[in-house]
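Residues 621 to 822, numbered by the numbering used here, are exactly what the sequence shown covers, in order. So the structure is just underneath, and the comments pick up after that.
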Amino acid sequence: MKQRDANYQLSGLVEMDDAYFGGRKKGTDGRGTTKAKVAIALSTDDMGRPRHLRMQVISNVTIEEIHRVVEACIKKGWTILSDGHVSYKQLKTIGYQHISKNFYKEDENKFLKWLHTIISNAKAYIEGTYHGLGTKYLQTYLDEFCYRFNRRAFSGQLFGRLLNASISTGSYSCRTTRTCTVYRCTTRTWSISRKHDNKTSS
């Protein structure tokens, strides 16, 4: 699933943010947390509706890590919309248009709304289903989530598409999977349920 999605890069207006996955731990919240850090990018259409998703475990929220994910997941020249964190401020230097906005509590239901909805859905799926899933295999579960999301319009064909992808993809031993590092992965997800209007994407 990871390899299949890695064949495609996002285009159009791309919303981007970082999020934190992991069990309940005492410590700091936000970007200072000890939980697993994940960069998320979502392409949208002309109406602002979600199209395709990529999710990548990163070692930290730094300029270098964000640039690595952006160059792997997003086509050069397209526009990235993010909050005002310093890690996103140099995207123009690597060939992207960039729009940033400082996030305030009153913007919660408007700014990056689809992206934040998807992040909430991903957390509910992973943390609710697997109850404290550790960070070691997190990327694999994010890959599955993204793969399903990006093919949500073809849910009836999902098994056949996955079978075809498996046939055309190189094999990996269990040991290789277990030793996969955060630098070798990518992701995707399924349908979206809005908290407020219960709409789903098509």
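Don't be surprised by glycine CBs; every beta carbon is placed ideally from N, CA and C.
Residue closest to residue i, alpha-carbon to alpha-carbon, out of the options
i      : options                        : result
Lys721 : Asp665, Leu732, Lys712         : Leu732
Gly668 : Val658, His751, Ile678, Lys730 : Lys730
Leu633 : Glu691, Asn627, Gly642, Lys695 : Lys695
Leu630 : Trp698, Ser679, His687, Ile678 : Trp698
Tyr716 : Ala692, Tyr767, Glu747, Thr737 : Ala692
His751 : Phe641, Tyr628, His687         : Phe641
Arg772 : Thr713, His672, Asp703         : His672
Val689 : Ile714, Asp703, Thr749         : Ile714
Lys655 : Gly754, Ser702, Tyr628         : Gly754
Residue i versus residue j: straight-line alpha-carbon distance, rounded
i      : j      : result
Arg674 : Tyr757 : 17 Å
Ala742 : Glu635 : 16 Å
Ile700 : Phe765 : 22 Å
Val658 : Glu685 : 10 Å
Ile678 : Pro670 : 23 Å
Leu662 : Phe769 : 11 Å
His687 : Val681 : 10 Å
Asp763 : Ile660 : 12 Å
Ala744 : Val706 : 28 Å
Ser702 : Thr737 : 15 Å
Lys712 : Thr760 : 30 Å
Tyr628 : Tyr767 : 12 Å
Thr749 : Gln676 : 20 Å
Contact under 9 Å by Cβ, residue i with residue j
i      : j      : result
Leu735 : Asp665 : no
Ile746 : Gln710 : no
Ala639 : Ile739 : yes
Beta-bridge pairing of residue i - partner residues as DSSP gives them
i      : result
Asp638 : Ala659
Met675 : Ile660
Ser720 : Ser702
Ile694 : Leu630
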